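Heads up, the thing below is written out as structure tokens.
In my numbering, the protein residues as written are 1 to 189.
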């Protein structure tokens, strides 16, 4: 099965999905392309893709299967982040989740990126407040390396989609994997 996944998709989540599925279906093998460049699912013979926010072209079938919550993180605890005090912090927001606030934050950092993993690494090594998906930072929060900050800001949720080519008949393995992804998301794993 050929699968396309964004580079920022949490590796531990992906490994859990693939391992859980291959335990039930040992004859199914996977090729996983991790890229942020959009792939042509039909031309490149992909069975499905996992995408966040925008599922892709209208010619594809997109099924929302979960939401990824977004949080504010820092390596040191901070006071509650509000619309009034956010401009006092050095904020990295690679997904532009809080675009209305991040334009006014302190410009005391010299690194900008749209990559979530690099942003997380910067948060681990500097006193930045970063805006990232909870799923990407949960291990660091559990280990005490990052702190999930309290905020009064409206922080969005990001829809996650399973995207497939618009085919009349999906292979049985593809249908089974889609069901596995949905069930795993519902179970909160």
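We treat Cβ as the ideally placed atom computed from N, Cα and C, and that holds for glycine.
All of these numbers come straight from a predicted model, not from anything done at the bench.
message: Can you tell me whether residue 120 is buried or exposed? The criterion is at least 16 other CB atoms within 10 Å of its CB, across all chains shown.
response: Buried, because 16 or more other Cβ atoms sit within 10 Å of the Cβ of residue 120.
Buried or exposed by the 16-neighbour rule on C-beta atoms within 10 Å, applied to residue 40: When all chains shown are included, residue 40 counts as exposed.
message: Quick check on residue 135: buried or exposed, where buried means 16 or more other Cβ atoms within 10 Å of its Cβ?
response: Residue 135 is buried by the Cβ-count criterion.
message: Please list the terminal residues of the continuous alpha helix (DSSP H) segment that includes residue 75.
response: Here residue 75 belongs to no alpha helix (DSSP H), and DSSP marks it neither H nor E.
- request: Please report the residue range of the beta strand (DSSP E) in which residue 5 lies.
  value: Segment 2 to 5, the beta strand (DSSP E) holding residue 5.
field: Start and end residues, alpha helix (DSSP H) containing residue 178
entry: Element bounds for residue 178: 172 to 187.
message: Rounded to whole angstroms, what is the Cα-Cα separation between residue 32 and residue 84?
response: Looking at the two C-alpha atoms, the distance is approximately 44 Å.
query: Can you tell me whether DSSP reads residue 151 as helix, strand or coil?
result: DSSP places residue 151 in strand when its eight states are reduced to three.
- request: Determine, using beta carbons only, whether residue 77 and residue 147 come nearer to each other than 7 Å.
  value: Between residue 77 and residue 147, the CB-CB gap stays under 7 Å.
query: Just curious, the beta strand (DSSP E) that residue 49 is in, first and last residue?
result: Residues 48 to 52.
task: Give me the Cα-Cα distance between residue 99 and residue 72, rounded to the nearest whole angstrom.
output: The alpha-carbon atoms of residue 99 and residue 72 are separated by roughly 13 Å.
task: Put residue 62 into one of helix, strand or coil per three-state DSSP.
output: Here DSSP, grouped into helix, strand and coil, assigns residue 62 to strand.
query: Do residue 185 and residue 65 have their C-beta atoms within less than 7 Å of each other?
result: Yes, these two residues count as a Cβ contact at 7 Å.
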